[in-house]
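Let me begin by presenting the structure, written as structure tokens, before commenting on it.
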Amino acid sequence: FDWPQWQGPDRNAVSKQRGLLKEWTEDGPPLAWRIEGLGGGYSAPSIAAGRIYGMSSRGDDEVVWALSEVDGKELWGTRLGPALREGMPQGREGPGCTPTVDGDRLYVLGLGGDLACLQAQDGKIIWRHSLTDDLGGRLPTWRYNESPLVDGDKLICTPGGEEATLVALDKLTGDVIWKSKVPEGGDGADGGPGRGRGGGADPGAARQPSESAGQRNSASGDLDREERQQPRETPAPPRVQPVIVIPAGSRWKFLDTGASPGPDWTKLDFKDDAWREGPAQLGYGDGDEKTRLNDARDNYPTYYFRLMFEVKDPSKLKPLVLRLIRDDGAVVFINGREVLRDNMPTGSLDHDTHAADVAVVENEFYVHDVAPNQLVAGNNIIAVEVHQANANSSDVSFDLELREKVPGRDVVGAPRAERQPGFERGRGGFGRGGFSRSAAAYASAIAIDFDGQRQYVQLLATTLVGVAASDGKFLWRYDRPANRMGINCSTPLYHDRLVFAASAYGAGGGAVKLSKDASGAVRAEEVYSTTRMQNHHGGMIVVDGCLYGANGGNEGGFLACLDFQTGDVLWRDRKAPKGSLALADGRLYCRTEDGTMLLIEPNREQYVERGRFEQPDRTRSPAWTHPVIANGRLYVRDQDLLLCYDIRQD
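Counting from 9, one number per residue, gives the positions in the sequence shown under the numbering used here.
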């Protein structure tokens, strides 16, 4: 069975393949072949008619490619347009769209909004549109990552424009069939559920899920503490005093001699006695430094900083934020492990690596989530390498604060001064206040049939919507699954007459039941909501009445199992860290963000693992590309590398 589009034949991450391995040996399934040289990107492959299709950034170009399913040999590569490097650092590696194969054609969407129809045989472009220039779309903060939907004679995509939230095009010609606009007003659709403000259905009437005893016993006791969320609607966040682990302005050991410190410099026992020491802000060239670094910009591409600190009991800490001033880019390590990179390229780094781009804001804090479990009781070490964007850089800046997160006040991402010109005005916005109701996010639409009517369901920047397939008429809206950041990535689900969607960053998810009133208008009634399925971008799958998905955002997370009809938590388990999912022949395939592949037997009572293996030659980028199963093979992509495993029983 092929896998011709995003999340497989039915867009639910389920393969129809049978006869697959039920357990893996310690080394995992055999590797059939591997291919390197794909280029950067998170695009999961699609497989159809003996070919593998995908997208990448190769140098300055954004490319669509086709490989042989037999051995991975490249058959053709077509330049779609220039590689988009601007905007937020995450995702700059390359496109995230999975090509949609429909007969002898395939459809792709580039990061910058280049939508194209290509011949599957040779990659020749048949027609193309720009979602922004031709269809009035607005580029989301992290660019377009949607995978186009082909339904009958239509191609469906989400420009996110005021007059064209979704559009339907003739798949053969690219001509516009209809444009759909989501109304700005109201607080839910035709009385449907909103976010709990005035108007719409009363969210208090919806069922609040519970946790089973098995769930409470399946995970460590600190799960509940880590997942406490602020009230969904808080007029003014309370003034709280967060625990500060590392204050801004701390004294740091630093190496500014132009030399590389060696491979072990991020570890606690590294000897830094010869390093200089001084309080932050550290740097040169701006005049606001407390400690001036050596200015030898033609020779010093990287500066190194270390600080030892003590934590009595990390388990008592709430989720943390790491606030970072970095000019231009930085990589942060805690206890020898990389925890984040900001404005840096993917892949391996060394002393001579330059930052991905010049810092737009040099003296304000960039905010990142960090999980407290990165820390240990006793002494810890944090190490930061700050990279220049080029050999002619005129300044360096560094400071860092690590403390508990203040809900409602700590907004993860770039400083406001960077966000405003590029994102809040005309680019989709950052934070709920900057979005219009029509703004696009990063999810891909699905087609559903309800009471004789075909609908397209899509998760936008601020809401989940359903529109009529025939003419694009707006039908209903459900706000709760959309987080305030507009970072809504996971594909909605439709199962047993319930529509479910979820996101991370405190939002969680919810299920609505569709109905029609006497006039024929479609209504969406909330059945339940939950913060125990804060699915970031790994996707969710329903199996035998159970909803499986990773619960957690940038801070990390773990696999959770919920009753799909009620939202009750059945179990959660840290043995399966946050990752992306696929299902085939009675087994869940989970690819964790660190690259580990897990084989899991669906089970309502507990986590049952049937095998795991480590991907060889991991890059330093998060393993966000979803696993793909087709024709007895498991495909795992890691940026430039594609691995093909034979998972057949015979």
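Positions of the beta carbon are idealized from the N, C-alpha and C atoms, including for glycine.
Treat the numbers as computed from the prediction; the structure is a model and nothing was measured.
Once you ignore the five residues that flank residue i on each side, which residues in its own chain have a CB closer than 6 Å to its CB?
i, result
"residue 112", "128"
"residue 125", "113, 115, 134, 135"
"residue 331", "373, 375, 409"
"residue 616", "609"
"residue 450", "153, 497"
"residue 564", "379, 586"
"residue 430", "Summary for residue 430: the model assigns pLDDT 32, below 50, so the residue's position carries little reliability; its value from the coordinates is reported in the next sentence. Closer than 6 Å at the Cβ level, and outside the excluded window around residue 430, lies no residue."
"residue 263", "269, 283, 312"
"residue 42", "651"
"residue 645", "633"
"residue 658", "none"
"residue 479", "186"
"residue 302", "264"
"residue 38", "654"
What does residue i pair with, by DSSP beta-bridge criteria?
i, result
"residue 71", "64, 87"
"residue 619", "607"
"residue 585", "566"
"residue 503", "506"
"residue 556", "549, 569"
"residue 482", "475"
"residue 186", "176"
"residue 579", "569"
"residue 24", "Beta-bridge pairing links residue 24 to no other residue."
"residue 412", "328"
Taking residue i and residue j to be in contact with their CB atoms under 8 Å, please state how far apart those CB atoms are, rounded to whole angstroms.
i, j, result
"residue 185", "residue 636", "Wrong, their Cβ atoms sit about 30 Å apart, outside the cutoff."
"residue 516", "residue 510", "6 Å"
"residue 217", "residue 576", "5 Å"
"residue 468", "residue 475", "The Cβ separation is near 11 Å, so there is no contact."
"residue 536", "residue 518", "7 Å"
"residue 391", "residue 319", "At roughly 16 Å, the Cβ-Cβ gap does not stay under 8 Å, so residue 391 and residue 319 are not in contact."
"residue 309", "residue 360", "5 Å"
"residue 650", "residue 28", "In fact, because the Cβ distance is near 20 Å, the residues do not count as touching under 8 Å."
"residue 65", "residue 103", "7 Å"
"residue 453", "residue 464", "5 Å"
"residue 377", "residue 420", "6 Å"
With a threshold of 16 other CB atoms inside 10 Å of the CB of residue i, please say whether the residue is buried or exposed.
i, result
"residue 548", "buried"
"residue 544", "buried"
"residue 31", "exposed"
"residue 78", "exposed"
"residue 457", "exposed"
"residue 180", "exposed"
"residue 507", "buried"
"residue 251", "exposed"
"residue 534", "buried"
"residue 345", "exposed"
"residue 500", "buried"
"residue 81", "exposed"
"residue 23", "buried"
"residue 267", "exposed"
"residue 70", "buried"
"residue 648", "buried"
"residue 33", "exposed"
"residue 162", "buried"
"residue 387", "exposed"
"residue 398", "exposed"
"residue 558", "buried"
"residue 249", "exposed"
In its own chain, which residues sit with a C-beta less than 8 Å from the C-beta of residue i, not counting the 5 before and 5 after it?
i, result
"residue 227", "Since pLDDT at residue 227 reaches only 41, below the 50 mark, its modelled position is unreliable, and no value is offered."
"residue 25", "9, 592, 593, 637, 638, 639, 640"
"residue 257", "287, 288, 289, 298, 407"
"residue 285", "259, 260, 261, 262"
"residue 721", "Residue 721 is absent from the model: the chain starts at 9 and stops at 658."
Output needed for residue i: all residues of its chain with C-beta closer than 7 Å, excluding positions within five of it in sequence on either side, in chain order.
i, result
"residue 641", "40, 652, 653, 654, 655"
"residue 169", "143, 144, 145, 146, 446"
"residue 571", "553, 554, 578"
"residue 550", "501, 503, 572"
Please indicate yes or no: does the CB of residue i lie closer than 7 Å to some heavy atom of the ligand NAD?
i, result
"residue 38", "Questions concerning the ligand NAD fall outside what the structure shown contains, since it holds no ligand whatsoever."
Segment contact flag, the region 402 to 415 with the region 289 to 302, C-beta cutoff 8 Å, min 3 pairs: yes
Inter-stretch contact (C-beta, 8 Å, three-pair minimum) for the region 611 to 623 and the region 43 to 57: The region 611 to 623 and the region 43 to 57 do not touch, with fewer than 3 CB-CB distances between them shorter than 8 Å.
Meets three-Cβ-pair contact criterion under 8 Å: the region 153 to 166 and the region 100 to 111: A contact exists between the region 153 to 166 and the region 100 to 111.
Cβ pair count under 8 Å reaching 3, the region 308 to 318 against the region 272 to 287: yes
Three or more C-beta pairs below 8 Å linking the region 520 to 535 and the region 335 to 349: Cβ pair count under 8 Å is below three, so no.
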